[in-house]
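Working notes for the structure below.
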Amino acid sequence: MNEANNHAEIDVPSESEMLKAAYRSSGLTIGDLAVATGLSAGTIHIALNGFRYRAGKANVAIPPDRTLVKLASALAIHPDVLRVHDRSRAADLLIEASRVQPPQEVSFASEREAKAAVAGRSVLVRQILGLFSADELREELERRDQVEHELLKREAEKDISETLMTDRWPL
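Spelled out as structure tokens, the structure:
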């Protein structure tokens with residue numbers, strides 16, 4: 009059930025409605041978005057729903073430009089869509105963010121420093137993976153495979169429908 013429907017007095021911001029529609033069609037989870045954007049799940053929920061609770065009361069929450077840009081980037085929303093929602097500054101930031109080059113290859117002053125960095129990352133990976141059981145990791149991999157399969161299936165269906173719509177069949 010949509011929480012906004014429980015709060016008829018709240019005027020949900022149009023950019024939140026746009027974000028929510030893009031999120032629903034993306035096939036991503038809130039967790040996926042959190043990892044991709046570096047935002048907390050709570051921040052993402054607030055941006056998608058357009059309201060937050062304070063003192064037990066729901067209040068309108070317009071997503072800040074930086075939050076909007078991170079979510080728009082992860083959800084592949086074009087800057088012009090942000091402009092339609094009167095968020096020109098966010099659109100400009102999104103364009104600027106898309107121009108940023110990926111980080112350069114990391115170099116180390118010595119082999120010893122490189123080995124220390126690798127060891128540190130290895131420890132971190134073991135700590136993170138240690139939080140999950142083998143069954144949980146297997147289920148997550150299966151879930152991701154299923155999501156990828158569904159996305160590929162949707163793309164194939166879209167390609168077929170576009171082909172059928174553009175080809176002229178003899179009558």
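All residue numbers for the sequence shown refer to the numbering used here, where the first residue is 9 and numbers rise by one. We put the CB at the ideal spot given by N, CA and C, even for glycine. These numbers were taken from a predicted model, which means no experiment stands behind them.
* When burial is assigned at 16 or more other CB atoms within 10 Å of the CB, is Arg134 buried or exposed? -> Taking the sequence shown and counting its residues from 1, the one referred to as residue 134 is at position 126. The residue in question, Arg134, is exposed, as its Cβ has fewer than 16 Cβ neighbours within 10 Å.
* Going by DSSP, what residues sit across from Ala30 in a beta bridge? -> Taking the first residue of the sequence shown as 1, we reach residue 30 at position 22. Paired residues: none, contrary to the question.
* Could you have a look at Ser24 and say whether DSSP puts it in helix, strand or coil? => The residue labelled residue 24 in the question sits at position 16 within the sequence shown. In this structure, DSSP gives Ser24 a helical state, which the three-state scheme calls helix.
* Enumerate in chain order the residues of its own chain whose CB-to-CB distance from Leu132 is below 6 Å, with the five nearest sequence positions on each side excluded. => Looking up residue 132 in the sequence shown gives position 124. Cβ neighbours of Leu132 beyond the five flanking positions: none.
* Quick one: residues in its chain with C-beta nearer than 7 Å to the C-beta of Ser24, no 5 flanking neighbours on either side, listed in chain order? => Residue 24 sits at position 16 when you count from the first residue of the sequence shown. If we look at Ser24 and ignore the five residues flanking it on each side, its Cβ neighbours are Ala55, Leu56, Asn57, Gly58, Pro71.
* So does the stretch 115 to 123 actually touch the stretch 139 to 152, counting three or more Cβ pairs closer than 8 Å? -> no
* Taking Glu17 as the reference, give the member of Ala99, Thr37, Asp40, Asn67 with the closest Cα. => Residue numbering aside, residue 17 sits at position 9 when the sequence shown is read from its first letter. When each option's Cα is compared against that of Glu17, the closest is Asn67.
* **N-terminal and C-terminal residue of the alpha helix (DSSP H) that Ala66 is part of** => In the sequence shown, counting from the first residue as 1, residue 66 sits at position 58. Run containing Ala66: none in the alpha helix (DSSP H); it sits in the beta strand (DSSP E), 65 to 68.
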